Structure formats: structure tokens, C-alpha cells
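Just add 46 to wherever you are in the sequence shown, counting from 1, and you've got my numbering. The beta-carbon is built from N, C-alpha and C at its ideal position, and this holds for glycine as well. Here the structure is a predicted model, which is why all the values come from computation and not from measurement. Presented below is the structure to which this report refers.
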Amino acid sequence: MPTTVSQRERYKRPFDLLILALTHLLLAPLWILLWTGIPLLIWLEDRGPIFFRQRRIGKGGRTFYVLKFRTMVVGADKIGPVWTVEHDPRVTRVGRILRKTALDELPQVLSMWKGDIGLVGPRALAADEQLTLEGSIPGFEKRLQVRPGFTGLAQVYNKTDAPASKLRYDLDYIERMNPWLDVNLLTLSVFNTLLVRWDSRSGKRE
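Structure below.
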């Protein structure tokens with residue numbers, strides 16, 4: 047008998063909380079180093095704000111705010127929500143390192159504890175981006191059936207920035223999601239960070 051999306055998703059919140067609790071307990075010194083060292087490096091470079099705050103669209107179309115470590119020069123957002131490109135001059139020196147390692151996403155852990163996002167799932171998009179793509183790509187709203195994630199199938203395996211391609215990965219994940227797949231994606235994500243192997247974030251905005 048086929049299972050529904052809500053049935054397949056039941057494991058995710060307990061799973062997320064367990065992984066978060068274990069990693070915070072076992073890796074406490076590393077967390078302290080990251081939470082103190084990264085803000086200090088950002089501030090020392092240009093004395094600007096540490097965090098970047100943005101409204102995102104989550105499960106069921108609900109809006110919430112995420113925090114990220116700032117990777118662009120102060121005032122970059124004044125020119126509007128434009129796509130970043132490789133070697134974007136607005137990205138700071140510290141920001142380039144944070145983006146290549148995905149450590150700029152670290153503050154989203156706060157959103158995980160709150161339950162706005164999970165460890166694995168479709169990436170939560172900015173509100174204007176989600177609405178624009180819903181109007182141009184049929185079925186794009188289907189990715190909102192589940193809680194968005196810190197990492198996901200599209201982030202690990204997709205090799206293009208085409209939204210339609212990412213959507214196929216997102217919908218594939220929704221159909222196949224299970225704890226073992228999540229563990230696999232989390233493991234690969236950790237390796238990508240350790241090996242500085244995340245692709246250039248062209249097509250993603252701060």
C-alpha cells in the first residue's frame with residue numbers, strides 16, 4: 047500500500063533532534079570554535095555585520111527567517127536580489143572560504159532547533175524566488191510538501207543551477223526519503239565541507 051508524504055516524513059523531526067543533540071554534545075569544542083572564530087574573522091575583515099537575515103518559504107508555503115554568516119560586502123543587497131556568479135566581486139575574502147565549505151549556512155542550525163527546517167530536504171528559497179519559479183515551472187510548488195533542509199539530494203548530486211533540474215532531485219527525495227538516505231546525504235555533505243568541494247554557488251543569492 048503506497049505511503050503518503052506525511053507518513054514518510056514522520057521520522058524526520060525526532061531524527062533531526064537526535065542528530066543535533068549528539069553532534070552538539072560530542073563535538074562541543076568544534077562548535078565553540080566555529081561560533082567564535084567565524085564571526086571574529088567576518089568582523090575583522092570589514093567591521094561589518096556578522097549575520098545576513100532573509101525571509102524564506104517553508105513547508106506548506108509558510109514563511110520564516112533564516113540567518114547566515116554574511117559573505118558579501120556591506121550594502122550588496124541594496125542593488126536588489128541578483129544572482130551571484132563565480133568570482134563575484136561582492137563576495138568577501140572570508141566569504142569565499144565560507145561559501146566553498148558551506149560554513150556560511152551554519153547559523154541555520156538555529157532554524158533547525160526551532161523546526162523551521164530539517165537536516166535534509168529541499169532547499170528553502172527566498173520568498174520572491176519561490177514565487178517566481180512557481181509561475182514559470184509547472185509543479186514547482188510540490189517541493190513545499192515537506193520541511194526544507196540544510197542539505198539535500200539536489201545540493202549533493204545536482205551539477206547544474208537550472209531550477210528545473212533541482213526540482214527533479216527534490217521531488218525524487220520526497221518520494222524516497224528515509225533515515226538511511228538522510229544519513230548518506232549528511233555524510234556526503236560533511237565530506238564536501240572537509241574537502242572544500244562544494245561547487246561555486248552561482249545561481250544562489252545571499
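Close-in-space but distant-in-sequence residues of the same chain around residue i (CB under 7 Å, 5 per side omitted)
{"i": "D162", "result": "G104 and F110"}
{"i": "T69", "result": "none"}
{"i": "L171", "result": "R102 and I103"}
{"i": "I88", "result": "I96, F115, R116 and V140"}
{"i": "F61", "result": "P225 and D228"}
Counterpart residues of residue i in DSSP-defined beta bridges
{"i": "F110", "result": "R102"}
{"i": "D148", "result": "What sits at residue 148 in the sequence shown is Ala, not Asp. The partner list for A148 (beta bridge, DSSP) is empty, contrary to what the question assumes."}
{"i": "A172", "result": "R102"}
{"i": "G164", "result": "G195"}
Classification of residue i by the beta-carbon crowding that lies within 10 angstroms, buried from 16 upward
{"i": "A210", "result": "exposed"}
{"i": "L199", "result": "buried"}
{"i": "R102", "result": "buried"}
{"i": "G126", "result": "Interpretation of G126 is limited by its pLDDT of 49, a score under 50 that renders its predicted location unreliable; no figure is taken from the coordinates."}
{"i": "I78", "result": "exposed"}
{"i": "K160", "result": "exposed"}
{"i": "T82", "result": "exposed"}
{"i": "Y57", "result": "exposed"}
{"i": "T138", "result": "buried"}
{"i": "S52", "result": "exposed"}
{"i": "D174", "result": "exposed"}
{"i": "L144", "result": "buried"}
Sequence-distant residues of the same chain with beta carbon closer than 8 Å to residue i, five excluded per side
{"i": "L217", "result": "G185, K188 and R189"}
{"i": "P153", "result": "F97, V112, L113, K114 and F115"}
{"i": "E91", "result": "T138, R139 and V140"}
CB contact below 7 Å: residue i versus chain C
{"i": "A122", "result": "Given the protein chain composition of this structure (a single chain), no chain C is represented."}
DSSP three-state assignment for residue i, whether helix, strand or coil
{"i": "L179", "result": "helix"}
{"i": "P60", "result": "helix"}
{"i": "M118", "result": "strand"}
{"i": "V242", "result": "coil"}
{"i": "R251", "result": "Here the model assigns R251 a pLDDT of 42, short of 50, so the residue's position is not dependable and the matter cannot be decided."}
Contacting residues, own chain, Cβ-Cβ under 6 Å from residue i (five flanking each side not counted)
{"i": "A122", "result": "R136"}
{"i": "G94", "result": "V120"}
{"i": "L254", "result": "Outside the shown range of the chain (47 to 252) lies residue 254, about which nothing can therefore be said."}
Nearest candidate by alpha-carbon position, reference residue i, set the options
{"i": "G164", "options": "V120, K205 and L64", "result": "L64"}
{"i": "I96", "options": "N238, V120, T197 and L73", "result": "V120"}
{"i": "N238", "options": "D174, K146, E221 and T178", "result": "K146"}
{"i": "G167", "options": "Q191, L152, L149 and L177", "result": "Q191"}
{"i": "L113", "options": "M158, Y215, E221 and L72", "result": "M158"}
{"i": "Y203", "options": "T233, L179, G181 and N224", "result": "T233"}
{"i": "L179", "options": "T197, E151 and A208", "result": "A208"}
{"i": "K212", "options": "V229, I183, V236 and A148", "result": "I183"}
{"i": "G195", "options": "E91, E151, P75 and T138", "result": "E151"}
{"i": "T50", "options": "R214, N224, V229 and L240", "result": "N224"}
{"i": "L227", "options": "T197, R214 and L76", "result": "T197"}
{"i": "W244", "options": "R108, R214 and T206", "result": "T206"}
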